[in-house]
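Taking numbering that gives the first Met the number 0, the leading residue of the sequence shown gets 0, the next gets one more, and so forth. A quick write-up on the structure given underneath.
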Amino acid sequence: MPHVIVQNCCNDASCVPECPVDCIHPTPEEPGFATAEMLYIDPDVCIDCGACIDACPVSAITTDYELTEEMAPFEEINADYYRAVGSAADLDHPYTDPQLGRRRPPDGAETLRVAVVGAGAAGHYAVSELQNRIDVRCEIDVYERLPEPGGLVRFGVAPDHASTKKVQEQFAAARGRNDVSVHLGVAVGEDVTHEELARTHHAVIYAVGALHGRPLPLPGGGLPVVAAAADFVAWYNGHPDLAGRRFDLSHERVVVLGNGNVALDVARVLTADPEVFVGTDMSDEAVEALRASHVREVVVLARRGPDHAAFTAPELVGLARAVPVVVDPSDLENLDAEPADPQAAHYVRQKLALLRGLAGTSPAEGRRVVLRFGTRPTAITATDDGASVAFDDHGTESSLDCGQVLAAIGLRGTAVPGLPFDEAGGVIPNADGRVLGDDGAPLPGVYASGWIKRGATGVIGTNRYDARGTVDAVVTDFHEGLLTAE
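Put into structure tokens, the structure is as follows:
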């Protein structure tokens, strides 16, 4: 019986080198990996050995006969991928051991001292990649502003997605080794300066993420009733920066602007039974607020059509499994031509098929999520009981009354004191992880990894291969004698 990868795949790809028949794709060496919604097992090539199950850090792989009713759609989702891109047997991208050609350092060789700033996924993957190098000995200091590690895995993943959060066990193992010292509650620019870190370490890797929602560029976007969806997520996950924050759940409707995975996640949380979050990472404050919530409907407004939907198919499957989802059949007409790339075209077809399965169904009694497409918000105005969101609906002016407006239009990083910053992109300017100064030249010993390096794209496991590139740059510069430390 073949194995199946299910919804909580994190794209870490630890499973890929374990597969003896190369039936898991896309691999990190393939062009489609960076934009993959998840990884997939070819059922016609899988030999049912089970090696991938032990390798997966988030328990996202199971046998087809053990699939629950909730996860049953993923059997077809895995198979569909190979119908679109071809059999895994014909995809010639064998695994390459990254340690090939490397030699252990001689006795007495200098130890590479590295400071990693940020203890989220990007920071932990940087630590792991440094530890995995056989051609250098490392001593690593991890600095984290918050009193606990985990970053967006802890404070961004939905609190009831415990299997996804299991990747933190892998992170804990990395930082628990003797070559790592962890400093929690230490903020660069407040408790320690960049200059101090740079003086005592050969390299400083900034992996501070992109935690803040992009500002909403329309009239009324700055009203108190408008909040970043990222802040709402951090609040219900108990982020200390958001403790005591208030969100208006007194109205029967919440409007979410944007339709990426964050938008669908907050819609699901707002319409879920609050009792499912008891005993999870959700704060007691948030559980009580959801218990008292009057929200019955969450409307998700997207500017573009469903063929350009930003959410992934696995996230839509999870939403539809949890709550009634309403889709207007007319939104699925007059769509753009499919992308030329087979993988991109597959994702479009897959999401459209899921949406067509939801379209036109009569909403059940109780809470629901409404997905709307081709709606361009034009203004937000305050009302006595919340807000009114005005938008262009396929050329017709319309509006929705609501209590809370949540903007899920992307994330951006913030500047680190003492470092250059690209305000437009919300990232630290860099070339292959080497931070660039104002003159465009690399700053010796300063590096970036994760979302602060490339922007808020990809999922948890994408940071693993991003970190590998940054660590390659660090070790190369160290071996070339470009890095010094006191």
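Note that the Cβ used here is the ideal one computed from N, Cα and C, for glycine as well.
Legend entry - 7 Å CB neighbourhood of A484 in its chain, flanking five on each side removed: Counting only Cβ-Cβ distances below 7 Å, and skipping sequence neighbours, we find R112, T199, H200 and H201.
Legend entry - Collapsed DSSP secondary structure at F420 in the structure displayed: Three-state result, F420: coil.
Legend entry - Given 8 Å, three or more beta-carbon pairs between the stretch 37-52 and the stretch 1-19: yes
Inset, instruction - Measure the CB-CB distance between G119 and P148 and report whether it falls below 9 Å. - result: Cβ atoms of G119 and P148: closer than 9 Å.
Legend entry - Distance between beta carbons of R101 and D134, contact taken as under 8 Å: 4 Å
Legend entry - the stretch 450-460 contacting the stretch 413-429, beta-carbon criterion three pairs below 8 Å: yes
Legend entry - Bridge partners - C137, DSSP secondary structure assignment: L111
Inset, instruction - Just mark Q486 as buried or exposed, buried being the case when its beta carbon has 16 or more other beta carbons within 10 Å. - result: As displayed, the chain neither begins before 0 nor continues past 485, which places residue 486 out of reach and without an answer.
Inset, instruction - Provide the residue(s) that pair with E396 in DSSP beta bridges, ordered along the chain. - result: D391
Legend entry - Rounded C-alpha distance that separates A301 from G432: 33 Å
Inset, instruction - May I have a chain-ordered list of the alpha helix (DSSP H) segments no shorter than 4 residues that lie completely inside the stretch 22-109? - result: Within the stretch 22-109, the runs of alpha helix (DSSP H) at least 4 residues long that lie entirely inside it are, in chain order, 50-54 and 72-84.
Inset, instruction - Quick one: residues in its chain with C-beta nearer than 6 Å to the C-beta of P338, no 5 flanking neighbours on either side, listed in chain order? - result: For P338, the CB contacts under 6 Å within the same chain, skipping 5 residues up- and downstream, are A344 in chain order.
Legend entry - Residues that T382 bridges to, as DSSP identifies them: G385
Legend entry - DSSP three-state assignment for T552, whether helix, strand or coil: Residue 552 falls outside the range modelled here, since the chain spans only 0 to 485, and no answer is possible.
Inset, instruction - Please work out which residues of its chain come closer than 7 Å, Cβ to Cβ, to G359, disregarding the five sequence neighbours upstream and downstream, and give them in chain order. - result: P328
Legend entry - Exposure of H508, with buried meaning 16 or more beta-carbon neighbours within 10 Å: The requested residue 508 does not occur in the structure, where the chain is confined to residues 0 to 485.
Legend entry - Length of the line joining the Cα atoms of N258 and F310: Looking at the two C-alpha atoms, the distance is approximately 6 Å.
Legend entry - I451 in three-state terms, based on DSSP: In the structure shown, the three-state DSSP call for I451 is helix.
Inset, instruction - Determine the closest residue to A262 out of C45, P56 and L370, with distance taken between C-alpha atoms. - result: L370
Legend entry - Strand pairing of N429, partner residues [DSSP]: V434
Inset, instruction - Look up V152 in the DSSP assignment and say whether it is helix, strand or coil. - result: helix
Legend entry - Own chain residues within Cβ distance below 8 Å of V275, not counting five before or after: D159
Inset, instruction - Kindly indicate which three-state DSSP category Q6 falls into: helix, strand or coil? - result: coil
Inset, instruction - Return yes when the Cβ of Y80 is within less than 9 Å of the Cβ of G117, no when it is not. - result: Not a contact, by the Cβ cut-off of 9 Å.
Legend entry - Straight-line gap, L256 to D11 (C-alpha atoms, nearest Å): Note on geometry: alpha-carbon atoms of L256 and D11 lie some 29 Å from one another.
Legend entry - Reduced DSSP secondary structure (H/G/I, E/B, other) of A309: coil
Inset, instruction - Mind checking who L315 pairs with in its DSSP beta bridge? - result: In DSSP, L315 forms no bridge with anything.
Inset, instruction - Put E194 into one of helix, strand or coil per three-state DSSP. - result: Three-state result, E194: helix.
Legend entry - Three-state secondary structure (DSSP) of L222: coil
Inset, instruction - Hey, could you find the ends of the alpha helix (DSSP H) R301 is sitting in? - result: Residue 301 is actually Ala in this sequence, not Arg. Looking at the DSSP string, A301 is not in any alpha helix (DSSP H), and its letter there is neither H nor E.
Inset, instruction - Using only alpha-carbon positions, find the residue among V277, R366 and A114 that is nearest to A319. - result: R366
Inset, instruction - Would you identify the three-state DSSP class for V261, choosing helix, strand or coil? - result: Three-state DSSP puts V261 in a helix.
Inset, instruction - Evaluate the contact criterion for the stretch 223-232 versus the stretch 405-413: three or more CB pairs, one atom per stretch, below 8 Å. - result: yes
Legend entry - Touching by the beta-carbon criterion (3+ pairs, under 8 Å), the stretch 267-286 and the stretch 340-356: no
Inset, instruction - With DSSP as the reference, please indicate the residues paired to L183 in a beta bridge. - result: BP columns for L183 point to E143.
Legend entry - Other residues of its chain near R375: CB distance less than 7 Å, five sequence neighbours each side excluded: R302, F390 and D391
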